[in-house]
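Just so we're aligned, residue 1 is where the sequence shown starts under full-length UniProt numbering, counting upward by one.
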Amino acid sequence: MISTRFTELVGCSKAIMLAPMAGVSGGNLAAAVTRGGGFAFIVAGHAKDSDAEAFDAEVEIMKTTEKRRFGIGFIGHSSMAGGDLKRIEAILDRHQPLAAQFFAPPILPDGSNVKLCKDKGVLVFAQVGSVEEARQALNCGVDCIIAQGREAGGHGLRSELGTGTLPLATRVVDLAHEISPQTVVLAAGGITDGRGLAAALSLGCDGIVLGTRLWASHEALGDPSGTKREALLNSDSDDVLRTRTFDTLQYVDNPTAWPNPYDSVGALKNKTTAEWHGKEDELEKIMQNSGDTTLSIYREANLAGDVTRACVLAGEGVGNVCRLHSAEDIVRVIEEEAVAEIRRINSLIKRT
Ligand SMILES: Cc1cc2nc3c(=O)[nH]c(=O)nc-3n(C[C@H](O)[C@H](O)[C@H](O)COP(=O)(O)O)c2cc1C
């Protein structure tokens, strides 16, 4: 068993966390990860009042497995828009999770989201994509910091602003030692197996966050036609791109649009990115022309699960994801692999 400051902090047996993935991380997936020994976040995302009923139902599913040892993930720019924490507070009061995760941005300028959680005895997890974001979060005394590298699936900093998982996690570990030594550090982005867990531990991290690997599991929400998860299994790491194309299409006239610098996603390349990646300003203008069909073609593809045009979020680790498994098994196997990997590395050291 691998025991770290993370497993001690949240009281789980494996140093593996399920990312709060919008449309994916619901009660069944969180419960399966927890049964496997990991720590799971359910996604509240934008925390819209209109989503409250569906969200509460997912938390209730989780609570049949574990009453309090789970987390809730919030998307900062929308759930705390204008510094208003009322909806977050209501969710924390209703469900009393062990932890809350914040991302994009992870911390309000006055640190009030951190204070709110601390006052309620809720652990604060901050997901950061740069050294500067990490410094701000560490200065606020967060309990756990997630170093999300550019190779991650889903939203993250624009490509030119983000940093790869390996250098970012290394820097965040060192910064945490300097600024807030009690803060636990996790690595996220491109990690899909026990080799990744062993690598993160050797950088000085306390564990890993899995997105893409657990999106390709039996318990993931969404994808009713199954075409998106099939696309994950059939894709290699070269098929992933960090792009603003899908945000430009998806959030046209949408009040929860992701702001710069968070308006890019790690996703599978397809006909849509072949046409528009790098030309997003032009795409925005074209969509304003009456009679233009670009947006309706994209929306139809998403509804039909047509992955040749729809957005399939994925990180660069996808090439290592070849079969659907249950999340419980994924978590167990990753730890076994990491133990074997650490033993293998240990055996490289020869007595002279
Ligand atoms: C399908 C999908 C949806 C995601 N949605 C969210 C989200 O709502 N909130 C969040 O904090 N991160 C989200 N992420 C990013 C994850 O938190 C995490 O940083 C990332 O998945 C790690 O990289 P990996 O996908 O290579 O494992 C999402 C990732 C994926 C793949």
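Glycine residues also receive a C-beta, built at the ideal position from the N, C-alpha and C atoms.
Every value quoted in this text rests on a predicted model; they were computed, and no experiment measured them.
Residue ranges of each beta strand (DSSP E) within the stretch 255-313, 3 or longer: Those beta strand (DSSP E) runs which fall completely within the stretch 255-313 and span 3+ residues are 264-268.
Simplified DSSP state of Leu232, which is helix, strand or coil: For the purposes of this step, residue 232 is identified with residue 232 of the sequence shown, where counting begins at 1. Shown here, Leu232 sits in a helix according to DSSP, grouped into three states.
Within 9 Å, strictly: CB atoms of Ser25 and Ala19: As a first step, residue 25 is located in the sequence shown; it is residue number 25 there, counting from the start. As a first step, residue 19 is located in the sequence shown; it is residue number 19 there, counting from the start. Contact: yes.
Spatial neighbours of Glu282 in its chain, beta-carbon cut-off 7 Å, leaving aside the 5 residues before and after: Within the sequence shown, numbered from 1, the residue matching residue 282 stands at position 282. There are no such residues.
Top-ranked residue by Cα proximity to Gly76, from Thr64, Gly204, Val128, Val173: For the purposes of this step, residue 76 is identified with residue 76 of the sequence shown, where counting begins at 1. Residue Val128 holds the alpha-carbon nearest to the alpha-carbon of Gly76 among Thr64, Gly204, Val128, Val173.
Secondary structure of Arg94, DSSP reduced to three states: On the sequence shown, position 94 is the one that residue 94 refers to. In the displayed model, Arg94 falls within a helix according to three-state DSSP.
Cα-Cα separation, His277 to Arg244: The residue given as residue 277 occupies position 277 in the sequence shown. The residue given as residue 244 occupies position 244 in the sequence shown. Taking C-alpha positions only, His277 is separated from Arg244 by approximately 7 Å.
Three or more C-beta pairs below 8 Å linking the stretch 163-174 and the stretch 194-204: Output reads yes: the stretch 194-204 touches the stretch 163-174.
Length at least 4, wholly inside the stretch 150-189: the alpha helix (DSSP H) runs in chain order: Runs of alpha helix (DSSP H) with 4 or more residues, each lying fully within the stretch 150-189, are found at 165-179, listed in chain order.
Integer-rounded CB distance, given that Val124 should sit under 8 Å from Ala100: Taking the sequence shown and counting its residues from 1, the one referred to as residue 100 is at position 100. Taking the sequence shown and counting its residues from 1, the one referred to as residue 124 is at position 124. The Cβ separation is near 6 Å, so the contact holds.
Same chain, Cβ closer than 8 Å to Glu335, five either side skipped, listed in chain order: For the purposes of this step, residue 335 is identified with residue 335 of the sequence shown, where counting begins at 1. For Glu335, where only same-chain residues beyond five positions count, the Cβ hits under 8 Å are Met1, Ile2, Lys14, Ala15, Ile16, Gly37, Gly194, Leu197.
Cβ-heavy atom distance, Ile191 to ligand 1, below 8 Å: Taking the first residue of the sequence shown as 1, we reach residue 191 at position 191. Because some heavy atom of ligand 1 lies under 8 Å away, the Cβ of Ile191 counts as near it: yes.
Ala188 Cβ short of 8 Å to ligand 1 heavy atom set: Stepping through the sequence shown from its first residue, residue 188 is reached at position 188. For Ala188, the shortest C-beta to heavy atom distance toward ligand 1 is below 8 Å.
Closest Cα partner of Arg229 within the set Ser217, Ile61, Lys350, Ala134: Along the sequence shown, one-based indexing puts residue 229 at 229. For Arg229, the nearest C-alpha among the options comes from Ser217.
Close Cβ partners of Glu341 (< 7 Å) along its chain, the five nearest in sequence each way excluded: To locate residue 341, count along the sequence shown from 1; it is residue 341. Closer than 7 Å at the Cβ level, and outside the excluded window around Glu341, lie Gly194, Arg195, Ala198.
Residues near Thr165 in its chain [Cβ-Cβ closer than 8 Å; skip 5 each side]: Within the sequence shown, residue 165 is the residue found at index 165, counting from 1. Closer than 8 Å at the Cβ level, and outside the excluded window around Thr165, lie Ala147, Gln148, Gly149, Arg150, Glu151, Ala152, Ala187, Ala188, Gly189, Gly190, Ile191.
Short Cβ contact (9 Å threshold) for Gly11 with Val59: By one-based count along the sequence shown, residue 11 stands at place 11. By one-based count along the sequence shown, residue 59 stands at place 59. Remark: C-beta atoms of Gly11 and Val59 do not approach each other more closely than 9 Å.
Ranges of the beta strand (DSSP E) found wholly within the stretch 28-104, counting only runs of at least 3: Taking only runs of at least 3 residues, the beta strand (DSSP E) segments lying wholly in the stretch 28-104 are 39-45, 71-75, 99-103.
Which of helix, strand or coil DSSP assigns to Thr227: Walking along the sequence shown from the start, residue 227 turns up at place 227. Looking at Thr227 - three-state DSSP - the assignment turns out to be helix.
The stretch 325-333 in contact with the stretch 243-262 per 3-pair CB rule at 8 Å: By the Cβ rule, the stretch 325-333 does not count as touching the stretch 243-262, because fewer than three pairs are nearer than 8 Å.
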